[in-house]
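K.L.:
In the order they appear, the protein sequences are chains A and B. Residues 57 to 392 (this note's numbering) make up the first sequence, in order. Residues 57 to 392 (this note's numbering) make up the second sequence, in order. Each residue gets a CB set at the ideal place from its N, CA and C atoms; glycine is no exception. Input: one structure, supplied below.
Protein chains: 2
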Amino acid sequence: MAVRDPAMTDVARLAGVSHQTVSRVLNGHPNVREQTRLRVQAAIAELGYRPNRAARALVTGRSQVIGVVAQNTTLYGPASLLAALEQTAAESGFAVSVGSVRDLDHRSISAVVERHLAHRVAGIVVIAPVESAGEALERLPKDVPLVTVDGDPHRPMPLVTVDQAAGARAATQHLLDAGHRTVWHVSGPSDWFDSAGRIEGWREALTSAGAEIPPLVPADWSAAAGYRCGQMLARMPDVTAVFTANDHLALGVLRALHEHGRRVPDDISVVGFDDVPEAAYFIPPLTTVRPDFGAVAQASLEMLLTQIESVSGGALRQTIAPTLVARRSVAPPPRR
Amino acid sequence: MAVRDPAMTDVARLAGVSHQTVSRVLNGHPNVREQTRLRVQAAIAELGYRPNRAARALVTGRSQVIGVVAQNTTLYGPASLLAALEQTAAESGFAVSVGSVRDLDHRSISAVVERHLAHRVAGIVVIAPVESAGEALERLPKDVPLVTVDGDPHRPMPLVTVDQAAGARAATQHLLDAGHRTVWHVSGPSDWFDSAGRIEGWREALTSAGAEIPPLVPADWSAAAGYRCGQMLARMPDVTAVFTANDHLALGVLRALHEHGRRVPDDISVVGFDDVPEAAYFIPPLTTVRPDFGAVAQASLEMLLTQIESVSGGALRQTIAPTLVARRSVAPPPRR
DNA sequence: AGGGAGGGTGTGACCGCTAACAGAAAGCAA
DNA sequence: TTGCTTTCTGTTAGCGGTCACACCCTCCCT
């Protein structure tokens, strides 16, 4: 026989006060006598009372939930970000509701956003770093606090990004510094801003070093694609340095090179991006670029909270610098 | 100037009906004249009306949200499961709220569960496959629909599991079939049920084949641990076959063996577990066991929904069989 | 002693929805 | 026509909180 959960009035009755006083205790309102507060807290404990967030959300018009829109939370980057976001949000008393989209078209994204809005989420974080996401986002109500992670740098909305270009520059420069004449780049899917940023950084480093810019090798984020690209790269004798858009791609490249008898780093050097936990155990250990997901999460949440709390906004944009992690997949080019 | 979101009454006024009729249209109640329904739908569209889930949750006592309790959503298994769960839930009109716990003690788990209960979630899915989770779960209200994934098989609660033992048996048997006299096992953390199940399956296969049972090599889920274990294994000349509790562990082992000049699969065969997308691109491609996360998610949700909808429960337990994926990391043992 | 300030508490309305019932309209048998 | 279902639709009362306000009491100043 399911008994109704205790409500505020039950607590109030037991403590001999009004429901409003209970509410005050719950919300840490200052004007409550210490003795009363204790009585109420005792009653709460005795009944095992749990405030009903739905009721609160109804009257305040906002729940203590943050909606996240993500595409593929199986990928290492998004998954890490999501986890970090959840941790950070919990510390501020917020819950996190995920909404994944399979495809990143208007309709799918809007649908997920709608779902979040129907729940009256306090704010939305979008981890959908592709072109089409931005468009879908433009047409939603202006009064919903929103932060985009790794989104379109050219759109005027609150944005937190990993400095992809800086990371890519560091990776490329690292290879150049090792003595390579130029660096090839296996890029991520073309519609991701992350890819674009990494390509940009790679180009910049090459340009400013006066190095030749080899043709771009386009791929997606998978090891499979990396493998295919690696098979090509392995056949080209003048390729001595490769920077891949992520670590999984690098893994595929590594395997292809290995199969073709090209040694890493003796014959070819490879640098990845992401620093997945396994990168240190690739053959050979992979030099890569590590983004700080914790910092990204923190920054996003901070931005979101200032939007939620006040009307006037703080910073509209924040960039987190990644760091290069040097391991054994880089060496000087072979002497001819 | 933030205008109030349109509510049911606004729609009702515009359509010239009562709010209740609007409610009926929204909930697909049968007794509404077609013409009225259309008028209401037109009004909804015109106003951009979005039903307030919080209000509904308040009055019905249950929200259309499923709470997930997970430990580390960065690991491939949990992340995949979470994603699958989210997909499946969305199809049934449910949102998913994640609550990660850093540590798996009573207090942390209870705290997360409390948070979910405060939101009046419709049900809870626990992906926290360790001993301590079970205890924390026992003391929570009986009337909350709950499903445990990969939890304690000895506890009388609804449970969906990957058949770890079967997977491990298949892996071990596969190695035995290749001609190995016995198989070593690098196991996951001892407090995970997944680990226990895999150990059990490994032992069973060995026993029923009449093979010697080598000492267990305990580790956690990381490539780092795999590497350390691999360094030991590499020094033992009579080790010809290793089954690791997951693919990352296998990666570490592979690297250690490589460094010690022991070739895989020529000298030593290796089998993993999980089939992470990268497994096919390890050096060499890893033979592994693939659990069907989609099926697990589906089964869990189904179980949860029957609990939500009715009082009498359906199946209390469901087991999903994993499949062996043969790749190139397995070969017959070297001839002496 | 009178009066204002302010801490501490209670009262009532209301947030947006659903459930239960009541009432109106329509259909059909007698 | 009457009377009785069967649809359809409206009315009212909450769900469990918060907000705005009114009230009471004490304290302090004049």
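Which whole-angstrom value describes the C-beta separation of V242 (chain A) and T300 (chain A), a residue pair presumed to lie in contact below a C-beta threshold of 8 Å?
P.N.:
Taking the first residue of the first sequence as position 1, residue 242 (chain A) is located at position 186. Taking the first residue of the first sequence as position 1, residue 300 (chain A) is located at position 244. Correct: roughly 4 Å between the Cβ atoms.
K.L.:
Determine, using beta carbons only, whether N83 (chain A) comes closer than 8 Å to chain B.
P.N.:
As a first step, residue 83 (chain A) must be located in the first sequence, where it is residue number 27. It does not; no Cβ of chain B falls within 8 Å.
K.L.:
Under 8 Å, do V203 (chain B) and L141 (chain B) count as touching if we go by C-beta distance?
P.N.:
For the purposes of this step, residue 203 (chain B) is identified with residue 147 of the second sequence, where counting begins at 1. For the purposes of this step, residue 141 (chain B) is identified with residue 85 of the second sequence, where counting begins at 1. No, these two residues do not count as a Cβ contact at 8 Å.
K.L.:
So, with DSSP's three-state summary, where would you put A71 (chain A)?
P.N.:
For the purposes of this step, residue 71 (chain A) is identified with residue 15 of the first sequence, where counting begins at 1. Reduced to three states, the DSSP call for A71 (chain A) is helix.
K.L.:
At the level of alpha carbons, what is the spacing between S119 (chain A) and V200 (chain B)?
P.N.:
Taking the first residue of the first sequence as 1, we reach residue 119 (chain A) at position 63. Taking the first residue of the second sequence as 1, we reach residue 200 (chain B) at position 144. About 21 Å.
K.L.:
For the stretch 94–120 of chain B, list every residue whose C-beta sits within 7 Å of some C-beta in chain A, in sequence order.
P.N.:
So the list reads R106, P107, N108, R109, A110, A111, A113, L114 and S119, given in the order they occur along the chain.
K.L.:
Under 8 Å, do G282 (chain A) and A306 (chain A) count as touching if we go by C-beta distance?
P.N.:
Residue numbering aside, residue 282 (chain A) sits at position 226 when the first sequence is read from its first letter. Residue numbering aside, residue 306 (chain A) sits at position 250 when the first sequence is read from its first letter. Contact: yes.
K.L.:
Looking at chain B, is there any beta carbon in it that lies within less than 8 Å of the beta carbon of R254 (chain A)?
P.N.:
Locating residue 254 (chain A) in the first sequence gives position 198, where the first residue counts as 1. Answer no: the Cβ-Cβ gap between R254 (chain A) and chain B never drops below 8 Å.
K.L.:
Only counting the same chain, and skipping five residues up and downstream in sequence, which positions put a Cβ closer than 6 Å to that of R291 (chain A)?
P.N.:
For the purposes of this step, residue 291 (chain A) is taken as the residue at position 235 of the first sequence. Result list for R291 (chain A): empty, nothing under 6 Å.
K.L.:
Can you look up M57 (chain A) in the DSSP assignment and give me helix, strand or coil?
P.N.:
Indexing the first sequence from 1 puts residue 57 (chain A) at position 1. Residue placement at M57 (chain A) is flagged as unreliable, the pLDDT there being 40, under the threshold of 50; the coordinate-derived value follows with that caveat. Looking at M57 (chain A) - three-state DSSP - the assignment turns out to be coil, as it is neither helix nor strand.
K.L.:
Taking one C-beta from the stretch 169–181 of chain B and one from the stretch 114–132 of chain B each time, how about it: are there three or more such pairs within less than 8 Å?
P.N.:
Yes, the stretch 169–181 of chain B touches the stretch 114–132 of chain B.
K.L.:
How is F40 (chain B) classed by DSSP in three states: helix, strand or coil?
P.N.:
Here chain B has residues from 57 to 392 only, and residue 40 (chain B) is not among them.
K.L.:
Are the CB atoms of S385 (chain B) and T343 (chain B) nearer to each other than 8 Å?
P.N.:
Looking up residue 385 (chain B) in the second sequence gives position 329. Looking up residue 343 (chain B) in the second sequence gives position 287. Contact flag set, yes.
K.L.:
Using the beta-carbon of each residue, which ones in chain A are nearer than 7 Å to V130 (chain B)?
P.N.:
Indexing the second sequence from 1 puts residue 130 (chain B) at position 74. Going by the sequence as given, residue 130 (chain B) is Thr instead of Val. What T130 (chain B) touches in chain A: A135, S136 and A139.
K.L.:
Among the candidates A:G117, A:A135 and A:R225, whose CA atom is the shortest distance from the CA of G179 (chain A)?
P.N.:
In the first sequence, residue 179 (chain A) corresponds to position 123, counting from 1. Considering only alpha carbons, the answer is A:G117.
K.L.:
Flag this pair as yes or no: are the beta carbons of R311 (chain A) and G328 (chain A) separated by less than 8 Å?
P.N.:
Locating residue 311 (chain A) in the first sequence gives position 255, where the first residue counts as 1. Locating residue 328 (chain A) in the first sequence gives position 272, where the first residue counts as 1. Not closer than 8 Å, so no.
K.L.:
With DSSP run on the structure shown, which of helix, strand or coil describes I100 (chain A)?
P.N.:
Position 44 of the first sequence, counting from 1, holds the residue named residue 100 (chain A). I100 (chain A): helix per DSSP, three-state reduction.
K.L.:
Closest to T92 (chain B) by CA distance: which of B:A101, B:R158, B:A275 and B:V78 is it?
P.N.:
For the purposes of this step, residue 92 (chain B) is taken as residue 36 along the second sequence, with counting starting at 1. Of the listed residues, the one whose Cα sits closest to T92 (chain B) is B:V78.
K.L.:
Unbroken beta strand (DSSP E) runs of length 3 or more, entirely within the stretch 128–196 of chain B: which are they?
P.N.:
The stretch 128–196 of chain B contains these whole beta strand (DSSP E) runs: 151–156 and 179–183.
K.L.:
Counting only runs of 3+ residues fully inside the stretch 275–363 of chain B, write out the beta strand (DSSP E) ranges in chain order.
P.N.:
For the stretch 275–363 of chain B, whole beta strand (DSSP E) runs of length 3 or above, ordered along the chain, are 297–300, 325–327 and 344–346.
K.L.:
Please identify the residue among B:I255, B:P134, B:R163 and B:L372 whose C-alpha is closest to the C-alpha of R225 (chain B).
P.N.:
On the second sequence, residue 225 (chain B) is found 169 positions in, with the first residue counted as 1. If we check each option's Cα against that of R225 (chain B), B:I255 comes out closest.
K.L.:
I need the boundaries of the alpha helix (DSSP H) containing V115 (chain A), first residue and last residue.
P.N.:
Here residue 115 (chain A) is taken as the residue at index 59 of the first sequence, counted from 1. Element bounds for V115 (chain A): R109 to T116.
K.L.:
Are the CB atoms of V216 (chain B) and M359 (chain B) nearer to each other than 8 Å?
P.N.:
On the second sequence, position 160 is the one that residue 216 (chain B) refers to. On the second sequence, position 303 is the one that residue 359 (chain B) refers to. Yes, they are a contact pair.
K.L.:
Assign H85 (chain B) to one of three DSSP states: helix, strand, or coil.
P.N.:
Your numbering for residue 85 (chain B) matches position 29 in the second sequence. Here H85 (chain B) sits in coil by DSSP.
K.L.:
Can you tell me the Cβ-Cβ gap for A261 (chain A) and T228 (chain A), rounded? I've got them flagged as a contact below 8 Å.
P.N.:
Residue numbering aside, residue 261 (chain A) sits at position 205 when the first sequence is read from its first letter. Residue numbering aside, residue 228 (chain A) sits at position 172 when the first sequence is read from its first letter. Right, their Cβ atoms sit about 4 Å apart.
K.L.:
Is any beta-carbon of chain A found at less than 8 Å from that of R311 (chain B)?
P.N.:
Along the second sequence, one-based indexing puts residue 311 (chain B) at 255. By this cut-off, R311 (chain B) is an interface position.
K.L.:
In terms of alpha-carbon separation, which member of B:D208, B:A267, B:G207 and B:P214 lies closest to L231 (chain B)?
P.N.:
Counting from 1 along the second sequence, the entry for residue 231 (chain B) is found at position 175. When only C-alpha atoms are compared, the closest one is B:A267.
K.L.:
Roughly how many angstroms lie between the CA atoms of G424 (chain B) and T379 (chain B), to the nearest whole one?
P.N.:
Nothing in the structure corresponds to residue 424 (chain B), since chain B is present only between 57 and 392.
K.L.:
Please list, in chain order, all residues of the same chain as A387 (chain B) whose beta carbon is under 7 Å from its beta carbon, the five residues on each side excluded.
P.N.:
On the second sequence, residue 387 (chain B) is found 331 positions in, with the first residue counted as 1. Cβ within range, chain order: A234, P321, D322 and S325.
K.L.:
Going by other Cβ atoms of all chains shown within 10 Å of its Cβ, with 16 needed for buried, is M57 (chain B) buried or exposed?
P.N.:
In the second sequence, the residue the question calls residue 57 (chain B) occupies position 1. Residue placement at M57 (chain B) is poorly supported in this model, since its pLDDT is 40, which falls under 50; the coordinates are not used for a value here.
K.L.:
For the structure I just gave you, are there three or more beta carbon pairs, one from the stretch 87–102 of chain B and one from the stretch 148–158 of chain A, closer than 8 Å?
P.N.:
Verdict: no, contact absent.
K.L.:
If you measure beta-carbon to beta-carbon, which residues of the stretch 252–279 of chain B are closer than 8 Å to chain A?
P.N.:
Residues passing the 8 Å Cβ filter: S278 and A279.
K.L.:
Give the C-beta separation of I376 (chain B) and A351 (chain B) to the nearest angstrom, bearing in mind that I take them to be a contact with Cβ-Cβ under 8 Å.
P.N.:
Stepping through the second sequence from its first residue, residue 376 (chain B) is reached at position 320. Stepping through the second sequence from its first residue, residue 351 (chain B) is reached at position 295. 5 Å between Cβ atoms; contact.
K.L.:
Alpha helix (DSSP H) containing Q120 (chain A): first to last residue?
P.N.:
Your numbering for residue 120 (chain A) matches position 64 in the first sequence. Unbroken run through Q120 (chain A): none, as it is neither H nor E.
K.L.:
Measuring alpha carbon to alpha carbon, tell me which of B:L82, B:A280 and B:V96 ends up nearest G72 (chain B).
P.N.:
Start at 1 with the first residue of the second sequence, and residue 72 (chain B) comes out as number 16. For the residues B:L82, B:A280 and B:V96, the minimum Cα distance to G72 (chain B) belongs to B:V96.
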